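Participant: Numbered per mature numbering (1 follows the signal peptide of the UniProt record, and there is no 0), the sequence shown spans residues -21 to -1, 1 to 136.
Think of the CB as a built atom: it goes at the ideal place given N, C-alpha and C, for glycine as much as any other residue.
Since the model is a prediction, treat every value here as computed from it, not as a measurement.
This structure is in structure tokens; I'll ask about it shortly.
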Amino acid sequence: MVVNIYGKLWTSLLFLLLSKGEELKKPPTSIVFILADDLGIGDVGIYNENRTGDTPTIDRMGKDGIVLTQFHVMSPVCSPSRAAMMTGRESSVAGYPNIADCNPRGNKGYYYDNNIDQYRQVATDAIGRLNETWPSIAHTLKSAGYTTAMLGTLVIS
């Protein structure tokens, strides 16, 4: 009787270990992140039923996935929004100060900090380049087992 109980325990333990191993081999969930410059909230159907054009694929992806509604970058150019998305930091801190927020002399080495109501200097070697002291979302996902790719125009170095 004792042998039979140990046999069942070992069989159960072996089954649990093998099934856990299969669970660990599952590939990570797919992530598709679309960043569209100059796209208004009313331009796609997921946000606006009265839009001017048809966007069925984007609408379906939005309904089946996660939609970001509070990702705002105050800049008239696209690189700061990409830098903010890649690093999770404010674009001026990530090395892309807003060109509209130059100091009164037009020096792009400064950006306006609303928190202190004055201009702050950006490290001149960081302007126009991603700040390498923080990991990007691509590095973070890659270290978590994802395969990463970028399609389109990045225009940040």
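Is the beta carbon of leucine 120 closer than 8 Å to that of threonine 127?
Facilitator: Cβ distance < 8 Å, so threonine 127 and leucine 120 count as in contact.
Participant: Roughly how many whole angstroms lie between the Cα atoms of glycine 124 and glutamate 69?
Facilitator: Their backbone Cα atoms lie some 26 Å apart in a straight line.
Participant: At what residues does the alpha helix (DSSP H) containing lysine 121 begin and finish?
Facilitator: Unbroken alpha helix (DSSP H) run through lysine 121: 116 to 122.
Participant: Once the 5 residues before and after valine 11 are set aside, which same chain residues still bring their CB inside 8 Å of it?
Facilitator: For valine 11, where only same-chain residues beyond five positions count, the Cβ hits under 8 Å are Met40, Gly44.
Participant: What three-state label does DSSP hand aspartate 43 in the structure shown?
Facilitator: Aspartate 43: helix per DSSP, three-state reduction.
Participant: Here's a check: name, in chain order, each residue in its chain whose Cβ is nearer than 6 Å to the Cβ of methionine 65, leaving out the five neighbours to either side.
Facilitator: Ser115, Ile116.
Participant: Using beta-carbon positions only, say whether leucine 130 and alanine 62 come within less than 8 Å of one another.
Facilitator: No, they are not a contact pair.
Participant: Taking the straight line between their C-alpha atoms, what separation do you get for residue 149 and lysine 42?
Facilitator: Lying outside -21 to 136, the shown extent of the chain, residue 149 is not represented and no answer is given.
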